[in-house]
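A.B. asks: Count along the sequence shown from 1, add 273, and you get the number used in the working numbering.
Don't be surprised by glycine CBs; every beta carbon is placed ideally from N, CA and C.
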Amino acid sequence: MAEAAKWYVAHTYSGYENAVKTTIEKYVTNQHLEDMIIDLKIPLETVTEITDSGSKEIERKVFPGYVLIKMVMTDDTWHLIRNIRGVTGFVGAENKPIPLTEKEVAELGIEKHEVVVKYAVGDNVRIIDGPMNSFTGVVEELDVAKNRVSVRVSMFGREMPVELELDQVESLED
């Protein structure tokens, strides 16, 4: 069942996001719905506020009034979420929630797809995706946290750095 789970967005009263998340987590545990409601997220961002007394870091909700839920959508799970105090409904048309696309999930950064990097700075690599497909070059910089790699590629007799995502490059030693 977990393979059929998709990310949905539940709309809540402003300020009720944490209460809604906690209530859903309790329902999931009490009714053994771990295979139907997989994950809950309230996207947060860390912001530095500068005041007269100095600066401090605070966490702020990226989408106030919304909770992201990875779940298998059935009539029962729809009713469960919909009838929780503080939830006003799902994002979608009328009573038909619309799941987030894979691209939207990736852009929001709510699911981390782990990329195994089999190359290091100084290694020869081949570009396997994008407009530079099949070019080879040398890894200059590697930033796993940001999912970026900088490769020096020779093109038209000149060497130039190219910024790519980690999964767009493979090691030539394979």
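Can you tell me which of Ile310, Pro337 and Glu438 puts its alpha carbon nearest to the alpha carbon of Val389?
C.D. replies: Glu438
A.B. asks: Taking Cβ positions only, does Asn291 come closer than 8 Å to chain D?
C.D. replies: Looking for chain D here will not work: only one protein chain is present.
A.B. asks: From the DSSP output, read off the bridge partner residues of Asn397.
C.D. replies: Val411
A.B. asks: Could you pull out every residue in the same chain whose Cβ sits closer than 6 Å to the Cβ of Glu414, ignoring the five residues on either side in sequence?
C.D. replies: Cβ neighbours of Glu414 beyond the five flanking positions: Ser423.
A.B. asks: In angstroms with no decimal places, state the Cα-to-Cα distance between Tyr392 and Lys329.
C.D. replies: 38 Å
A.B. asks: Assuming Arg310 contacts Ile342 (C-beta within less than 8 Å), just tell me the rounded distance between them.
C.D. replies: Before going further, note that residue 310 is Ile rather than Arg in the sequence given. The pair is a contact, with the Cβ atoms about 7 Å apart (cut-off 8 Å).
A.B. asks: For Ile383, does the three-state DSSP call read helix, strand or coil?
C.D. replies: coil
A.B. asks: Can you give the Cα-Cα distance for Ile315 and Ile297, rounded to whole angstroms?
C.D. replies: 13 Å
A.B. asks: Mind checking Pro370: buried by the 16 CB within 10 Å criterion, or exposed?
C.D. replies: buried
A.B. asks: Taking 8 Å as the threshold (C-beta atoms), are Val360 and Val301 in contact?
C.D. replies: When the beta-carbon positions are compared, Val301 and Val360 stay at least 8 Å from each other.
A.B. asks: What did DSSP end up calling Ala366 once you bin it into helix, strand or coil?
C.D. replies: strand
A.B. asks: Counting only the same chain and skipping the five closest in sequence on each side, list residues whose C-beta sits under 8 Å from that of Leu317.
C.D. replies: Glu332, Arg333, Lys334 and Val335
A.B. asks: Closer than 8 Å is the cut-off here; do at least three beta carbon pairs connect the segment 372-379 with the segment 276-291?
C.D. replies: yes
A.B. asks: Could you check the C-alpha separation between Pro434 and Met428 for me, to the nearest Å?
C.D. replies: 10 Å
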